[in-house]
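Chains as they are written, first to last, in my numbering: chain A, 1 to 117; chain B, 1001 to 1114.
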Amino acid sequence: DTAVSQTPKYLVTQMGNDKSIKCEQNLGHDTMYWYKQDSKKFLKIMFSYNNKELIINETVPNRFSPKSPDKAHLNLHINSLELGDSAVYFCASSQYLGLAGAGNEQFFGPGTRLTVL
Amino acid sequence: KQEVTQIPAALSVPEGENLVLNCSFTDSAIYNLQWFRQDPGKGLTSLLLIQSSQREQTSGRLNASLDKSSGRSTLYIAASQPGDSATYLCAVIYSGAGSYQLTFGKGTKLSVIP
Chain A
1 DTAVSQTPKY
11 LVTQMGNDKS
21 IKCEQNLGHD
31 TMYWYKQDSK
41 KFLKIMFSYN
51 NKELIINETV
61 PNRFSPKSPD
71 KAHLNLHINS
81 LELGDSAVYF
91 CASSQYLGLA
101 GAGNEQFFGP
111 GTRLTVL
Chain B
1001 KQEVTQIPAA
1011 LSVPEGENLV
1021 LNCSFTDSAI
1031 YNLQWFRQDP
1041 GKGLTSLLLI
1051 QSSQREQTSG
1061 RLNASLDKSS
1071 GRSTLYIAAS
1081 QPGDSATYLC
1091 AVIYSGAGSY
1101 QLTFGKGTKL
1111 SVIP
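Structural data, given as C-alpha cells:
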C-alpha cells in the first residue's frame, strides 16, 4: 500500500487557470507538508498542517491555499496559475509535530509535476 | 537564517568504492537532521534520521554522523553499487521565527559506475 499518495502525477495547464493537487497519507500521521522543488532541484517547504491546523506558512503567494478536510488529507489549491509556478510539488507526512522527538521522519509522496504554459 | 550546503554537488565513483557525502549547516540549534535519496523523476526516500542528541545512525551500508557544534553531517556509503546512483539530500529541522522550519541542501548527485 502506498503510504503517501498524490494525484495527479502530471498536470499541464494554461496560465490563469485554477488547479488542485490532492494528497493522502494512510500512515495515521498527524502532520502533513507541502514542498516545492524548483527547476534547480532545490526543495523548499511551503506549508505544514498538524491535525488540520496550519503550523508553518512560508512566504508563499496567497494564490496557494492548502485545505485539510481531515488529518489524512492535505490538498493544495492554486489560483490564477503563473509560469513561475511550474515545478514539482511534493506532499509529505510525519507522525507528529514534535520535531525533537524520536523517529519523527518525514515520508514523501511521489510528487506532482506541474507545467504552466 | 539557516543555510544548508552539500559538497560536492556531483560525484562519480567506480563500483565497490566507499564514499562520503558532506552536509553543513550554519545554525547549530537544530532538532534533527535527515538524509534522503531522490531518484530521477521520483519522490524522496528517507534514509536516516539523526536526532540532535545523537552522533550517528546506521542502516545497512549507510552510516550518517552528526556534529552539531561544527554544523556538519556526513553520509558514508560502503561498498557502493550502481543502484546507489541518485541525488542525496540533507535536511535540517530547527526552530525559527516562533515556528518549526525545515531547510534542504541542494543535494549531491551520485553516479556509481559499474
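Where is the CB? At the ideal position from N, CA and C, for every residue including glycine.
query	result
Note down, one range per segment and in chain order, each beta strand (DSSP E) of at least 3 residues found wholly within the stretch 1043-1079 of chain B.	1044-1051, 1056-1059, 1062-1067, 1072-1077
Quick one: give me the first and last residue of the beta strand (DSSP E) that V1112/B is part of.	1108-1113
Establish whether the CB of I21/A and some CB of chain B are separated by less than 8 Å.	no
Find out if the Cβ-Cβ distance for the pair D68/A, K44/A is shorter than 8 Å.	With the sequence shown as reference, residue 68/A is identified as Ser, and Asp is not the correct amino acid for it. Not closer than 8 Å, so no.
In terms of alpha-carbon separation, which member of F1104/B, D1084/B, C1090/B, G1105/B lies closest to S1111/B?	D1084/B
Within the same chain, show all residues whose beta-carbon is closer than 6 Å to that of V123/A, passing over the 5 residues directly before and after it, in chain order.	The requested residue 123/A is not part of the displayed model; chain A covers only 1 to 117.
Taking three-plus beta-carbon pairs below 8 Å as touching, is the stretch 105-115 of chain A in contact with the stretch 20-28 of chain A?	yes
Quick check on L99/A: buried or exposed, where buried means 16 or more other Cβ atoms within 10 Å of its Cβ?	Unreliable placement is indicated for L99/A, whose pLDDT of 48 sits below 50; the coordinate value is still reported in the next sentence. Buried: at least 16 other Cβ atoms inside 10 Å.
Taking just the CA atoms, how far does S1059/B sit from A1079/B?	13 Å
To which residues does DSSP link N119/A through a beta bridge?	Given that chain A is displayed from residue 1 to residue 117, the structure contains no residue 119/A and the question cannot be resolved.
If Q1038/B and L1102/B are in contact, beta carbons under 8 Å, what's the gap, nearest whole angstrom?	With a Cβ gap of about 16 Å, Q1038/B and L1102/B do not count as contacting.
Using a Cβ-Cβ cut-off of 8 Å, state whether F1025/B counts as contacting chain A.	no
Could you compute how far the alpha carbon of F64/A sits from the alpha carbon of L1075/B?	35 Å
Starting from P110/A, find everything on chain B with Cβ-Cβ shorter than 7 Å and list it in chain order.	K1042, G1043
Pairing CB atoms from the stretch 1063-1075 of chain B with CB atoms from the stretch 1014-1030 of chain B, are three or more of them under 8 Å?	yes
Hey, T1108/B and A1010/B: beta-carbon distance below 8 Å or not?	yes
Once the 5 residues before and after T1026/B are set aside, which same chain residues still bring their CB inside 7 Å of it?	Q1002, E1003, G1071
Identify, in the order they occur along the chain, each residue of the same chain with its Cβ nearer than 8 Å to the Cβ of P1114/B, setting aside the five sequence neighbours on each side.	E1015, P1082
Under three-state DSSP, which class holds P66/A?	strand
Here's the rule: buried if 16 or more other CB atoms are within 10 angstroms of the residue's CB, otherwise exposed. What is M32/A?	buried
How far does the beta strand (DSSP E) with E1003/B in it extend, from its first residue to its last?	Where E1003/B is concerned, there is no enclosing beta strand (DSSP E), given that its DSSP letter is neither H nor E.
Can you tell me which of F42/A, K19/A, P8/A, S20/A puts its alpha carbon nearest to the alpha carbon of T1087/B?	F42/A
Quick check: the Cα distance between S1069/B and S1053/B, rounded to an integer number of angstroms?	12 Å
Relative to the C-alpha of I1050/B, which residue among F1104/B, T1005/B, Q1006/B, V1092/B is closest?	V1092/B
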